[in-house]
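*Asks:* Quick one: the structure is below, questions incoming.
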Amino acid sequence: MNDKRMQEMLANLDVENPSEVCPIKDVLAAMLDKWTMMIVLVLGKHKVLRFADVKRSVVGISPKMLTKSLRTLERDGHVLRTVYPEVPIRVEYNLTDQGYIFLKKLVDLADWIVPHVPTIVKNREEFIK
């Protein structure tokens, strides 16, 4: 991102006002939640998963938080929830086209993080001292 684009984005980000005034803040908060990011990464890796499979793949998430996160992702258009009228009912989750764009941005972020991990770990260790 060039400096001009970054300045434009920062100018539009109003963190001091409620979400009605700055919807970007609300969307960022939902998308950058740790569980949301992990769910998107898992669905990107496996393409289609049932609820129990997502739960098994996202270590540490409670069923309640998984349900909440999947509903938010579905509401925002990142995840498609498909219900099959079988006995027992089968429900599957997969990323939408918009969800794959989000996944790509997460992978771009991970690409930046990977080479910086040693420095970040060192900084954390020094901070504790």
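Counting in my numbering, the sequence shown runs from 187 upward without gaps. Backbone N, C-alpha and C fix where the C-beta goes; we use that ideal spot for every residue, glycine too. The structure displayed is predicted, hence computed values, not measured ones.
1. Can you name the residues that DSSP bridges to residue 268?
2. Straight-line CA distance for residue 267 to residue 297?
3. For residue 235, which residues does DSSP report across the bridge?
4. Would residue 192 be called buried (16 or more neighbouring beta carbons within 10 Å of its own) or exposed?
5. Expressed to the nearest angstrom, what Euclidean distance is found between the alpha-carbon atoms of residue 313 and residue 307?
6. Out of 229, 294, 196, 310, which one is the CA nearest neighbour of residue 259?
7. Measure from the alpha carbon of residue 278 to the alpha carbon of each residue in 234, 222, 257, 212, then state which is nearest.
8. Is there contact between the stretch 243-253 and the stretch 194-202, where contact requires at least three CB pairs shorter than 8 Å?
9. Assuming the contact rule is C-beta atoms closer than 8 Å, residue 292 and residue 223 should be a hit. Round their C-beta distance to whole Å, please.
10. Buried or exposed for residue 285, please, with buried defined as at least 16 other CB atoms from any protein chain shown within 10 angstroms of its CB.
*Replies:* Per the coordinate set shown:
1. As a position in the sequence shown, residue 268 is number 82, starting the count at 1. According to DSSP, residue 268 bridges with 278.
2. Residue mapping note: residue 267 aligns to position 81 of the sequence shown, counting from 1. Residue mapping note: residue 297 aligns to position 111 of the sequence shown, counting from 1. Each residue's Cα considered, the two are about 29 Å apart.
3. Counted from its first residue, the sequence shown places residue 235 at position 49. DSSP, once it has assigned bridges, lists 279 as partnering residue 235.
4. As a position in the sequence shown, residue 192 is number 6, starting the count at 1. Exposed is the call here.
5. Sequence index remark: in the sequence shown, residue 313 carries index 127 (1-based). Sequence index remark: in the sequence shown, residue 307 carries index 121 (1-based). Each residue's Cα considered, the two are about 10 Å apart.
6. Translated into the one-based positions of the sequence shown, residue 259 becomes position 73. Selected option, being the one with the closest Cα: 229.
7. Taking the sequence shown and counting its residues from 1, one reaches residue 278 at position 92. Ranking the options by Cα distance to residue 278, first place goes to 234.
8. no
9. The residue you call residue 292 lines up with position 106 of the sequence shown. The residue you call residue 223 lines up with position 37 of the sequence shown. Correct: roughly 6 Å between the Cβ atoms.
10. Here residue 285 corresponds to residue number 99 of the sequence shown, with the count starting at 1. Per the 10 Å Cβ criterion, buried.
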